[in-house]
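K.L.:
In the numbering used here, the protein residues as written are 101 to 256.
Input: one structure, supplied below.
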Ligand SMILES: *[C@@H]1O[C@H](CO)[C@@H](O)[C@H](O)[C@H]1NC(C)=O
Ligand SMILES: *[C@@H]1O[C@H](CO)[C@@H](O)[C@H](O)[C@H]1NC(C)=O
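Following this line, the structure appears as structure tokens:
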């Protein structure tokens, strides 16, 4: 019983956190991600939070409503982790981060990205398993590399 109450409280806390996270603007989220990365080649230097929205930033593409649809940072020399707040980029269709030195695990919150078409994370230093939440994304074409089956962690 005790443990259940604890788990329920924990869940409530996590839901509250998720609500806070979802109130970030997309620019806030990407800037938070920028700060979590090491960027020796200055590829995300243009990610300037003082601009009204992130649509003018390099490697970021938006739709006509100024909502982020693509982040293209393949082979950019980036290291660091993926932040869970990325799951708040609600119109994101393409997340291209292959061939970097990104480490840590894949945030389960990416399962919230229901518009995602391609999630390219191959050729990084990611560990752990593919979050089950990603199986909810019906449109997801491939996760790591086209020569792999859909849910594979390592480069083939
Ligand atoms: C990863 O880091 C190593 C060591 O710093 C570096 O030599 C290598 O080029 C990096 N790889 C990528 C894809 O950025
Ligand atoms: C995002 O995903 C997490 C984990 O899958 C979930 O708990 C959370 O409710 C979701 N948040 C939003 C804002 O949809």
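Positions of the beta carbon are idealized from the N, C-alpha and C atoms, including for glycine.
Quick check: what's the CA-CA separation for residue 226 versus residue 179?
P.N.:
11 angstroms
K.L.:
Just list the residues that DSSP pairs residue 225 with in beta bridges.
P.N.:
203
K.L.:
Buried or exposed for residue 232, please, with buried defined as at least 16 other CB atoms from any protein chain shown within 10 angstroms of its CB.
P.N.:
exposed
K.L.:
Since residue 167 and residue 126 are thought to touch, with beta carbons under 8 angstroms apart, how far apart are those beta carbons, to the nearest angstrom?
P.N.:
Indeed, because the Cβ distance is near 6 angstroms, the residues count as touching under 8 angstroms.
K.L.:
Our contact map puts residue 169 next to residue 156 with C-beta atoms below 8 angstroms; I'd like the distance itself, whole angstroms only.
P.N.:
Incorrect: roughly 14 angstroms between the Cβ atoms, too far for contact.
K.L.:
Alpha carbons only, please: which of 164, 142 and 165 is nearest the one belonging to residue 158?
P.N.:
Of the candidates 164, 142 and 165, the one whose C-alpha sits nearest the C-alpha of residue 158 is 142.
K.L.:
For residue 237, tell me which candidate among 172, 183, 192 and 134 has the shortest Cα-Cα distance.
P.N.:
Distance from the Cα of residue 237 is smallest, within the candidate group 172, 183, 192 and 134, for 192.
K.L.:
State the DSSP-derived secondary structure class of residue 122, mapped to helix, strand or coil.
P.N.:
In this prediction, residue 122 scores a pLDDT of 43, lower than 50, which makes its location untrustworthy; the coordinate-derived value is nonetheless stated afterwards. Residue 122 falls in the helix class under three-state DSSP.
K.L.:
Thinking C-alpha only, which one of 163, 164 and 130 is nearest residue 149?
P.N.:
130
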